[in-house]
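One structure below.
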Amino acid sequence: MSNIIGIVNYGIAGNIHSIKKALEVAGANTIIINSSEEFKKADKIVLPGVGSFKDAMQELENAGFIQILKETNKPTLGICLGMQILSTFGYEYGKTKGLDLINAEVKPILVDEKVPHVGFNHITIVNNNKLLKGIENEEFYFMHSYEVVNYTNIIALTEYGGHQFVSAIQKENIYGVQFHPEKSRQAGIELFKNFIEL
Amino acid sequence: MKTRIIAKLDVKPPYVVKPVHFEGLRKIDNPSQLAKKYYEQGADEVMYIDIVSSLYQREIIFEDIEKTANELFIPFGVGGAIRNIEDISKLFHIGADKVAINTYAVQEDSTLINRAAEIFGNQAIVVNIEAKKWDNWWECYTDCGRIQSGKDVIEWAKEVEQRGAGEILLQSVDKDGRKRGFDLDLCKQVVDAVEIPVVVASGAGSLKDIKEVIEYARPSGVAIASLLHYDVATISEVKTYLRDNKIEVSI
Numbered sequence: 001m002s003n004i005i006g007i008v009n010y011g012i013a014g015n016i017h018s019i020k021k022a023l024e025v026a027g028a029n030t031i032i033i034n035s036s037e038e039f040k041k042a043d044k045i046v047l048p049g050v051g052s053f054k055d056a057m058q059e060l061e062n063a064g065f066i067q068i069l070k071e072t073n074k075p076t077l078g079i080c081l082g083m084q085i086l087s088t089f090g091y092e093y094g095k096t097k098g099l100d101l102i103n104a105e106v107k108p109i110l111v112d113e114k115v116p117h118v119g120f121n122h123i124t125i126v127n128n129n130k131l132l133k134g135i136e137n138e139e140f141y142f143m144h145s146y147e148v149v150n151y152t153n154i155i156a157l158t159e160y161g162g163h164q165f166v167s168a169i170q171k172e173n174i175y176g177v178q179f180h181p182e183k184s185r186q187a188g189i190e191l192f193k194n195f196i197e198l
Numbered sequence: 001m002k003t004r005i006i007a008k009l010d011v012k013p014p015y016v017v018k019p020v021h022f023e024g025l026r027k028i029d030n031p032s033q034l035a036k037k038y039y040e041q042g043a044d045e046v047m048y049i050d051i052v053s054s055l056y057q058r059e060i061i062f063e064d065i066e067k068t069a070n071e072l073f074i075p076f077g078v079g080g081a082i083r084n085i086e087d088i089s090k091l092f093h094i095g096a097d098k099v100a101i102n103t104y105a106v107q108e109d110s111t112l113i114n115r116a117a118e119i120f121g122n123q124a125i126v127v128n129i130e131a132k133k134w135d136n137w138w139e140c141y142t143d144c145g146r147i148q149s150g151k152d153v154i155e156w157a158k159e160v161e162q163r164g165a166g167e168i169l170l171q172s173v174d175k176d177g178r179k180r181g182f183d184l185d186l187c188k189q190v191v192d193a194v195e196i197p198v199v200v201a202s203g204a205g206s207l208k209d210i211k212e213v214i215e216y217a218r219p220s221g222v223a224i225a226s227l228l229h230y231d232v233a234t235i236s237e238v239k240t241y242l243r244d245n246k247i248e249v250s251i
């Protein structure tokens, strides 16, 4: 079976280089998706994201990707902002509609600690799943100021400054991780291997 | 929160060098090899600072940066001679996760911080502050400790936070490369002045110096250069020592 991972490239928002590199180390064949047509070539989709919720949605719209992402039945993994925009709404630079693949809202992390939350941190699995299998006790790299607020699709939580936030979500074959697997040493490579094998 | 331990590479392309007081450069090794070594030792991040291009008004040399990025599966920050959004965009494209801005924001146009944070997100924008101590204040320097700005470090730290910086890399012109400990009061005052993470650099000469600055100033991270370059300690030795002294680190 062909198993090609397509990394969605939309404007400036996304560090595609390091995700591609880490996926390849994990054994994936990758393509960069630059146009609507190229979604057809991918068996699975990785949605990266660096920047703000509002900009990311704007760029996806400019690229003509929103409907495709909403309707795809291919396994999809959102990373960091790419996870956040799977939600219904985001509140970064005003209220913005997300992809609404997962019933959630994205709000600022409110803790009595330094924000952005930056650095390696543990995850606690709350629902067993294939994506995080075998890496339950590892640490992952976080770099974010907003969190996904959701109650029904949580697969992992992380504690920061005495507050628990959602660090991974899943709904059917849509996955999202708040941390950066591509920046999480060997544990991140293992996560990508799990995604490749889904 | 776990204190991040960051390997800092001061680069005069094509070599990592180690300045003393930001002067008297000693050649160490090429950046990609060192970065790989520190990654394998367990560094939480690597910070690559081109320390000469800004002063010589030279363009950023992207080739060495890309080569270094390719060795790493941890966050990679890049600074030195960043003047515009195009530079930043290109750095992200070749594998940087954050950029550190200094001279241009201090001397030319501080709105570069706002513009960059809006486009790339505040977590990706680091402001590099080089502080020089005077009687009862610290002054921002640029170009590797050579050019004065008249700006007060604490005020500038607050200003860059307001402008959207997601992190401060704090260096001391007086302490850098001397391996005699950090400017503890500087570190504490900057950490306490802002809500965003502060990574302190300049002065780690021993494991004890690192422990001392973490306990006194509670920075989010410590950036280490000489200690690693001269094989005084490895990253894993630093982390083990800190953990044994009840400081939380990622091991």
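Read top to bottom, the protein sequences are chains A and B. Those letters in the first sequence? Residues 1 to 198, per this note's numbering, in order. Those letters in the second sequence? Residues 1 to 251, per this note's numbering, in order. Ideal Cβ positions, reconstructed from N, Cα and C, are used throughout, including at glycine.
- Residue-level contact by beta carbon fails for Ser236 of chain B and chain A, as no gap is shorter than 8 Å.
- Here Arg4 of chain B is buried, its C-beta having at least 16 other C-beta atoms within 10 Å.
- Among the CB atoms of chain B, none fall inside 8 Å of the CB of Ser167 of chain A.
- Taking 8 Å as the cut-off, the beta carbon of Glu59 of chain A is found no closer than this to the beta carbon of Tyr91 of chain A.
- One Cα belongs to Arg178 of chain B, the other to Ala201 of chain B, and the distance between them is close to 12 Å.
- Annotation note: the stretch 28-98 of chain B contains the following uninterrupted beta strand (DSSP E) runs of length 3 or greater, listed N- to C-terminal: 45-50 and 76-79.
- A distance below 8 Å separates the beta carbons of Gln171 of chain B and Ile129 of chain B.
- Under the DSSP assignment, Leu60 of chain A falls in the alpha helix (DSSP H) whose first and last residues are Phe53 to Ala63.
- Bounds of any beta strand (DSSP E) do not take in Lys246 of chain B, whose DSSP letter is neither H nor E.
- Asn84 of chain B has a beta carbon lying at 8 Å or more from every beta carbon in chain A.
- In this structure, DSSP gives Cys80 of chain A a state outside helix and strand, which the three-state scheme calls coil.
- Note that the C-beta distance between Leu191 of chain A and Ala156 of chain A is not below 8 Å.
- DSSP places Tyr216 of chain B in the uninterrupted alpha helix (DSSP H) bounded by Leu207 to Ala217.
- Between Glu182 of chain A and chain B, the shortest Cβ-Cβ separation is below 8 Å.
- Interface annotation, Lys74 of chain A: not in contact with chain B, CB-CB separation never under 8 Å.
- If you look at His17 of chain A, you'll find it in the alpha helix (DSSP H) that goes Ile16 to Val25.
- Neighbourhood of Ile189 of chain A in chain B, by CB distance below 9 Å: Phe73, in chain order.
- When Cβ-Cβ separations below 8 Å define contact, Glu195 of chain B makes contact with chain A.
- With contacts defined as CB atoms closer than 8 Å, Leu184 of chain B and Val213 of chain B qualify as a contacting pair.
- Taking a C-beta cut-off of 8 Å against chain B, the contacting residues of the stretch 41-64 of chain A are Val50, Gly51, Ser52 and Asp55, listed in chain order.
- If you check the CB distance, Thr142 of chain B and Thr103 of chain B come in under 8 Å.
- At a cut-off of 8 Å between beta carbons, Val118 of chain A contacts chain B.
- Rounded to the nearest whole angstrom, the C-alpha separation of Asn173 of chain A and Ala69 of chain B is 31 Å.
- Cβ atoms of Ala225 of chain B and Lys18 of chain B come within 8 Å of each other, at about 6 Å.
- Residue state for Gln186 of chain A is assigned as helix, using DSSP reduced to three classes.
- If you draw a 10 Å sphere on the C-beta of Lys239 of chain B, you find 16 or more other C-beta atoms in it, and that means buried.
- Any Cβ of chain A closer than 8 Å to the Cβ of Ala131 of chain B would place that residue at the interface, and such an atom is absent.
- By the neighbour-count definition (other C-beta atoms within 10 Å, threshold 16), Asp192 of chain B is an exposed residue.
- As computed with DSSP, Cys144 of chain B is found in no beta bridge at all.
- Closer than 9 Å at the C-beta level to chain A, one finds these residues of the stretch 151-172 of chain B: Gly166 and Glu167.
- Collapsing the DSSP output to three states places Asp183 of chain B in coil.
- Scanning B:Glu195, B:Gln189 and B:Val232 for the CA closest to the CA of Tyr216 of chain B turns up B:Gln189.
- Ile135 of chain A and Ala187 of chain A have their alpha carbons spaced roughly 6 Å apart.
- Distance from the Cα of Val198 of chain B is smallest, within the candidate group B:Arg243, B:Ile168 and B:Leu25, for B:Ile168.
- When 7 Å is used as the limit between beta carbons, Glu113 of chain A is near these residues of chain B: Met1, in chain order.
- Within the stretch 50-72 of chain B, contact with chain A at the beta-carbon level (separation under 9 Å) is assigned to Glu66, Ala69, Asn70 and Leu72.
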